[in-house]
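Undergrad:
In our numbering, the protein residues as written are 216 to 508.
#1: List the endpoints of the continuous alpha helix (DSSP H) containing residue 271.
#2: Please tell me whether residue 410 and residue 430 are closer than 9 Å, where the distance is taken between their beta carbons.
#3: Are the CB atoms of residue 399 and residue 372 nearer to each other than 9 Å?
#4: I'd like to check one pair, residue 380 with residue 255: are the Cβ atoms closer than 9 Å?
#5: Beta-carbon within less than 7 Å of residue 322's beta-carbon, same chain only, minus the 5 sequence neighbours each way: which residues are those?
#6: Report back the beta-carbon spacing between residue 356 and residue 280 to the nearest angstrom; my notes put them in contact at under 8 Å.
#7: Where does the unbroken alpha helix (DSSP H) through residue 382 begin, and where does it stop?
#8: Rounded to whole angstroms, how far is the Cβ of residue 327 from the Cβ of residue 375, which I believe are closer than 8 Å?
#9: Taking DSSP as the reference, what is the three-state secondary structure of residue 416?
#10: Residue 230: buried (16+ other C-beta within 10 angstroms of its C-beta) or exposed?
#11: Given a cut-off of 9 Å on the beta-carbon distance, is the pair residue 319 and residue 341 in contact?
#12: Quick check: is the beta carbon of residue 436 nearer than 9 Å to any beta carbon in chain C?
#13: Below 8 Å, how does it come out for the region 419-429 and the region 348-362: are there three or more Cβ pairs, yes or no?
#14: Relative to the C-alpha of residue 391, which residue among 412, 368, 468 is closest?
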């Protein structure tokens with residue numbers, strides 16, 4: 216094996232171990248978009264579907280890896296992140312940036328092969344990722360702006376799948392807004408999780424500027440708005456009526472949030488909360504698939 220091949224294997228192994236689960240988890244949104252958009256393998260085949268999912272995975276991985284590249288210095292100062300920084304595995308920043316660029320090119324080629332809507336939505340998502348990681352005004356260091364970034368990004372990621380077989384329409388926009396709210400709420404919880412490291416590095420997230428508890432309560436409020444929208448969409452017939460029972464899931468979410476507040480909003484508690492709301496929304500996703508079938 217050549218030196219270049221060994222470097223490539225080392226980079227892939229590192230980012231698979233640190234980012235693969237996050238990348239795969241985030242594919243639920245475009246996959247549900249594909250399903251709700253009425254994509255049919257019988258009519259359209261598997262190639263467009265495979266290309267879109269390849270592009271989505273590559274784009275998501277690009278955003279994570281570019282963020283790791285941009286936040287390298289701060290991650291080294293963060294005691295929780297430092298052991299997992301790529302340089303500890305002998306990987307240089309230049310190699311990481313090259314990997315991020317290759318993934319972006321791969322995503323662009325895949326989306327271009329799918330069609331213009333996928334290419335435009337993919338470009339918009341990539342631009343949001345660039346702003347989040349690198350912009351001093353519209354990035355992670357600007358309270359509210361980072362949340363808006365995730366709101367729009369979550370919406371676009373759903374529409375990336377939805378528009379594979381369905382033209383952009385009011386139904387898609389409304390359902391996409393639900394996914395955007397979930398994405399923004401989850402990011403607020405992530406800011407609570409990363410509070411100590413962000414404070415150490417002077418990153419002015421919502422949690423750092425307003426405090427952990429207000430950021431956590433804001434996350435709960437945005438999640439509540441998402442549940443309310445989900446129930447409204449079900450009542451209007453845009454989503455299966457079984458989702459009217461999402462009020463029960465919301466109550467479970469409230470119970471978990473109350474327990475998190477009692478435990479104290481530490482890194483461990485935020486991770487604990489993240490695991491639970493992900494299971495709750497996995498249940499909702501399953502209900503969407505079963506109810507729509």
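Beta carbons are placed, not taken as given, at the ideal position from N, Cα and C, and that holds for glycine.
TA: If we stick to the structure as given:
#1: 262-285
#2: yes
#3: no
#4: yes
#5: 270, 273, 274, 277, 337
#6: About 20 Å; that fails the 8 Å criterion.
#7: First-last for residue 382: undefined, no H or E at that position.
#8: With a Cβ gap of about 13 Å, residue 327 and residue 375 do not count as contacting.
#9: coil
#10: buried
#11: yes
#12: You won't find chain C in this structure, because it holds only one protein chain.
#13: yes
#14: 368
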